[in-house]
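Reading through the structure tokens given below for one structure.
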Amino acid sequence: MPSSKRVLLVDDDDMLRESLAEQFAASGYEPVSAADIAEARKVGTEGLYEFMVLDVSLPDGDGRELCGEFRGKGVTCPIIMLTASDTDEDTIAGLKAGANDYIAKPFRFAVLMARVEAHLRSHEVSEEAIYRIGPYTFRPSAKLLLEGVKRVRLTEKETNILKFLQRAGDTVSREVLLHEVWGYNPAVTTHTLETHIYRLRQKIERDPAHAQILITESGGYRLVA
Numbered sequence: 015m016p017s018s019k020r021v022l023l024v025d026d027d028d029m030l031r032e033s034l035a036e037q038f039a040a041s042g043y044e045p046v047s048a049a050d051i052a053e054a055r056k057v058g059t060e061g062l063y064e065f066m067v068l069d070v071s072l073p074d075g076d077g078r079e080l081c082g083e084f085r086g087k088g089v090t091c092p093i094i095m096l097t098a099s100d101t102d103e104d105t106i107a108g109l110k111a112g113a114n115d116y117i118a119k120p121f122r123f124a125v126l127m128a129r130v131e132a133h134l135r136s137h138e139v140s141e142e143a144i145y146r147i148g149p150y151t152f153r154p155s156a157k158l159l160l161e162g163v164k165r166v167r168l169t170e171k172e173t174n175i176l177k178f179l180q181r182a183g184d185t186v187s188r189e190v191l192l193h194e195v196w197g198y199n200p201a202v203t204t205h206t207l208e209t210h211i212y213r214l215r216q217k218i219e220r221d222p223a224h225a226q227i228l229i230t231e232s233g234g235y236r237l238v239a
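Numbering (the working numbering), first residue to last: 15 to 239.
Rendered as structure tokens:
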């Protein structure tokens, strides 16, 4: 699973944290858990996260301050705050700290995921969306892959191929990828897709003849973290 599918879950309630971690894992995410701010600081900026879920009341501080710290360090993914209070003042404070949403406990997991998915859809088309692909930081809005000082420019089709494979998190057949990137166009064949895959590998692979990032598998393609 690509590392960009990770979700950071910060809550001092062991039962809630474990339950949410299990349900996130069942939904295709890789949960990284922390019980307090100190622990969250250690893992919060280690790589990219798909989204974060932070409790407001933590044993060593306020989750809203942690949210503000993450934003200050360049974290752009959606952040959902959990709270035992749903007053307007608390909600305003959380949003001002950089949170995308505020959910009062107790809540149903389906409601939390619906909120998360809504924010992910908005985030994906924003200028702030950033993902990890192999050794690269992927900025779809800029059609760019970054690795240190190295900058790899992408075409629109190359960007869309990587975006779809990154979101899929698994092997995608040639036919599905062709349809998603080019739409229903009878003039476009799988040869067109294969040509674009070949050019992408020339740009991003250390050894294009032995792909380690964009691999062929089971009649389709998959990105490897």
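Here a beta-carbon is modelled for each residue, glycine too, at the ideal position from N, C-alpha and C.
Sequence-distant Cβ neighbours of H133 in its own chain, meaning closer than 8 Å and more than five residues away, are F65, P92, I94, N114 and D115.
Taking 3 residues as the minimum length, the beta strand (DSSP E) runs contained wholly in the stretch 70–148 are 93–97, 115–118 and 145–147, in order along the chain.
Note: R167 is bridge-paired with L158 in the DSSP secondary-structure output. Counting only residues of its own chain and dropping the five nearest sequence neighbours on each side, L207 has a CB closer than 7 Å to the CB of R188, L191 and L192. Across the set G75, S71 and L34, the C-alpha of G75 shows the shortest separation from the C-alpha of A52.
Around R220, the same chain offers Q226 as residues with beta carbons nearer than 8 Å, after the five sequence neighbours per side are excluded.
Less than 8 Å divides the Cβ of T173 from the Cβ of P154. Per DSSP, the unbroken beta strand (DSSP E) holding Y235 starts and ends at G234 to L237. S99 is classed as exposed because its beta carbon has fewer than 16 other beta carbons within 10 Å across all chains shown.
Fewer than three pairs of CB atoms, one per stretch, sit closer than 8 Å, so the stretch 154–165 makes no contact with the stretch 100–111.
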